[in-house]
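Colleague:
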Amino acid sequence: MKLFDGFFKESFSELLSRKAYEEAWTLYQDSKEKDSLNILWQEEYQKQIKQKNFALGLRLAEIFQAETKFLRNAATVLVLQALKRQDYKEAIRLLEKYPVKYLIVFNHLKEIKKSSDSHVQKILEALEENIYYDVAMVSNLLDEALDKMLKNPYRKGYLLTLPGHIETYITGDLHGNRFNLNSILQDANLKEYPNRHLIFQEVIHSRGLLIDQRDLSFLEVVDILQCLCQYPDRVHFLLGNHDLNLYMQRETLCKNRKLNHLFKRGLSFLFGKKAKEILEKYFRFIGYMPAAIQCGNILMTHSNPEKEKNGFSSLKEKIPLKKHSYIHSLVTGRDHSLATVEAFLKEAQSPFSIIGHELCRLGYDSPNPRQLIIDSCHNYGHTLLCRPATISSIKDLKKSLQTIRK
38 MKLFDGFFKE SFSELLSRKA YEEAWTLYQD SKEKDSLNIL WQEEYQKQIK QKNFALGLRL
98 AEIFQAETKF LRNAATVLVL QALKRQDYKE AIRLLEKYPV KYLIVFNHLK EIKKSSDSHV
158 QKILEALEEN IYYDVAMVSN LLDEALDKML KNPYRKGYLL TLPGHIETYI TGDLHGNRFN
218 LNSILQDANL KEYPNRHLIF QEVIHSRGLL IDQRDLSFLE VVDILQCLCQ YPDRVHFLLG
278 NHDLNLYMQR ETLCKNRKLN HLFKRGLSFL FGKKAKEILE KYFRFIGYMP AAIQCGNILM
338 THSNPEKEKN GFSSLKEKIP LKKHSYIHSL VTGRDHSLAT VEAFLKEAQS PFSIIGHELC
398 RLGYDSPNPR QLIIDSCHNY GHTLLCRPAT ISSIKDLKKS LQTIRK
């Protein structure tokens with residue numbers, strides 16, 4: 038048996054020396070002595086790293102499904118090498134696939150100069166100017182924002198009924214887009230327009246490039262919370278399905294990304310051991326987000342309820358979010374047919390509907406004559422600025438659309 042084991046290890050070592058890593062992995066899977074083989078392939082990994090063969094080291098670590106530290110060390114160097122030779126497409130490929138050492142890569146990314154190149158733009162828009170927040174400040178901010186949201190004079194249950202004469206600045210799904218958020222806050226200019234209300238939905242779960250597989254979209258939430266506290270009666274959240282999934286602790290999957298997992302990794306990076314405390318306070322905030330906003334001739338929700346799902350009046354009731362089946366249907370529905378939307382609007386007694394929830398490549402869509410979808414999370418993102426009392430047709434709504442990136 039010892040002779041057989043010795044032969045097995047020799048075969049394994051020989052495959053490693055020939056860089057036949059896939060064959061070595063096959064042999065490894067059949068072995069009952071994986072501990073000793075682990076030593077051998079890890080020695081090979083260290084050898085390649087020492088010889089600065091980082092691509093080989095990464096390939097080996099990936100084949101052997103190594104711990105994150107092995108992938109991170111090699112991938113970090115490869116990203117830095119790609120940045121040095123200005124191969125931004127390769128840098129993005131590596132960043133999207135592998136974990137890296139966040140601060141090392143982040144500091145190098147900040148040195149990239151602006152360019153019209155789409156890969157450069159993608160990298161620069163993944164950067165956050167301020168990633169350091171005092172935990173106590175954010176914790177207090179969440180408490181203050183929740184208190185002010187609950188005291189909103191237009192609120193009854195999960196429904197906000199805004200005065201018909203106001204002006205509404207409506208956004209679609211934002212999904213952590215820092216550039217678009219900054220543009221929206223500047224353009225909305227609430228200080229100069231005291232009759233204007235600003236409405237956000239689905240701020241979390243970035244669709245952009247993630248560094249070290251960490252979603253930092255909570256930083257956009259922080260900015261909006263600060264805005265809400267400054268203008269408590271004029272800045273509003275609309276509950277979305279991503280918010281609800283996070284609150285219910287149900288994973289949200291998108292293009293093989295586990296979005297809640299990445300979001301929690303981001304919180305851990307930002308707040309360390311206090312991340313759990315911050316998340317629990319954010320759960321509480323989500324639990325009281327409005328699910329619908331009525332104003333003039335417009336109803337704003339994240340989506341439509343399922344076909345023949347009635348219960349709009351239940352939004353005014355104080356039912357815990359976890360048990361509010363109508364809200365669960367309202368934020369997740371995908372039926373935008375005219376019949377479904379007309380039945381929904383008839384129950385809500387609103388002529389027109391504005392929703393998010395859908396990816397619109399042009400930044401907006403009109404699936405039927407009574408409804409407009411707005412998407413604010415990408416280069417072609419749109420918002421809508423209007424006086425709801427003056428809206429008398431879907432054409433009026435379309436005329437009120439504006440691009441975020443002027």
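So the mapping is simple: the numbering used here equals the position in the sequence shown, first residue as 1, plus 37. Backbone N, C-alpha and C define an ideal beta-carbon position, used for all residues, glycine too. On a predicted model such as this, the values are computed, not experimentally measured, just so you know.
In chain order, what residues of the same chain lie with their CB nearer than 7 Å to the CB of A112, ignoring the 5 residues before and after it?
Modeller: Answer for A112: L95, L131, Y135, P136, V137, listed in chain order.
Colleague: Verify whether the separation of the beta carbon atoms of S340 and I392 is less than 8 Å.
Modeller: Contact flag set, yes.
Colleague: Kindly list the residues whose CB is nearer than 6 Å to the CB of S68, restricted to its own chain and excluding five residues on each side of it in sequence; keep chain order.
Modeller: Around S68: L74.
Colleague: In whole angstroms, give me the CA-to-CA distance for K39 and L52.
Modeller: Residue placement at K39 cannot be trusted, given a pLDDT of 44 that sits under 50; what the coordinates show is reported in the next sentence. Distance between the alpha carbons of K39 and L52 is about 20 Å.
Colleague: On the criterion of 16 or more Cβ atoms from any shown chain inside 10 Å, does K346 qualify as buried, or is it exposed?
Modeller: When all chains shown are included, K346 counts as buried.
Colleague: For E204, which of Q83, L179, Y230 has the nearest alpha-carbon?
Modeller: The shortest Cα separation from E204 among Q83, L179, Y230 belongs to Y230.
Colleague: Use the C-beta contact count for C291: other C-beta atoms within 10 angstroms, 16 or more gives buried, fewer gives exposed.
Modeller: So C291 counts as exposed.
Colleague: Using beta-carbon positions only, say whether S374 and Q331 come within less than 8 Å of one another.
Modeller: Not closer than 8 Å, so no.
Colleague: Grouping DSSP H, G and I as helix and E and B as strand, with all else coil, what is V114?
Modeller: Note: V114 maps to helix in three-state DSSP.
Colleague: Identify which residue in I261, I315, H234, E162 has its Cα closest to the Cα of L246.
Modeller: Nearest C-alpha to L246: E162.
Colleague: Quick one: which unbroken alpha helix (DSSP H) runs of 4-plus residues sit fully inside the stretch 183 to 246? Chain order, please.
Modeller: DSSP runs (the alpha helix (DSSP H)) wholly in the stretch 183 to 246: 215 to 225.
Colleague: Which residues mark the beginning and the end of the beta strand (DSSP E) in which M337 is found?
Modeller: 335 to 338 is the extent of the beta strand (DSSP E) around M337.
Colleague: Hey, A426 and N334: beta-carbon distance below 8 Å or not?
Modeller: Cβ distance < 8 Å, so A426 and N334 count as in contact.
Colleague: Which word fits A376, buried or exposed, when buried means at least 16 other C-beta atoms lie within 10 angstroms of its C-beta?
Modeller: By the 10 Å Cβ count, A376 comes out exposed.
Colleague: Among the residues of its own chain, which have a CB less than 7 Å from the CB of L399, if the five just before and after it don't count?
Modeller: Hits under 7 Å: Y417.
Colleague: R371 to L396, Cα distance in whole Å?
Modeller: Cα to Cα, the separation comes out at about 12 Å.
Colleague: How big is the Cα-Cα spacing for M285 and H212?
Modeller: Taking the straight line joining both Cα atoms gives about 19 Å.
Colleague: Provide the residue(s) that pair with N405 in DSSP beta bridges, ordered along the chain.
Modeller: Answer is Q408, bridged to N405.
Colleague: Count the other CB atoms, across all protein chains shown, that sit within 10 Å of the CB of D210; report buried if there are 16 or more and exposed otherwise.
Modeller: Per the 10 Å Cβ criterion, buried.
Colleague: Do the stretch 162 to 174 and the stretch 306 to 322 touch if we need at least three Cβ pairs shorter than 8 Å?
Modeller: Result yes; three or more Cβ-Cβ pairs closer than 8 Å.
Colleague: In the DSSP assignment, find the unbroken alpha helix (DSSP H) run with G378 in it and report its ends.
Modeller: The residue you asked about is not Gly; residue 378 is Val in the sequence shown. Element bounds for V378: 375 to 385.
Colleague: Look at the alpha carbon of F306 and the alpha carbon of F274, and state the distance between them as a whole number of angstroms.
Modeller: Distance between the alpha carbons of F306 and F274 is about 25 Å.
Colleague: Report all residues from its chain with a CB closer than 7 Å to the CB of F41; omit the five preceding and five following residues, and keep chain order.
Modeller: Unreliable positioning characterises F41 in this predicted model, as indicated by a pLDDT of 43, which lies under 50. A coordinate reading is not provided.
Colleague: Once the 5 residues before and after L265 are set aside, which same chain residues still bring their CB inside 6 Å of it?
Modeller: Same-chain partners within the cutoff: A182, V272.
Colleague: Just how far apart, CA to CA, sit N383 and L253?
Modeller: Note that residue 383 corresponds to Lys in the displayed sequence, not to Asn. In a straight line, the C-alpha of K383 is about 40 Å away from that of L253.
Colleague: Taking only the alpha-carbon atoms, compute the straight-line gap between Y325 and Q263 and give it to the nearest angstrom.
Modeller: Near 17 Å, if we compare the C-alpha coordinates of Q263 and Y325.
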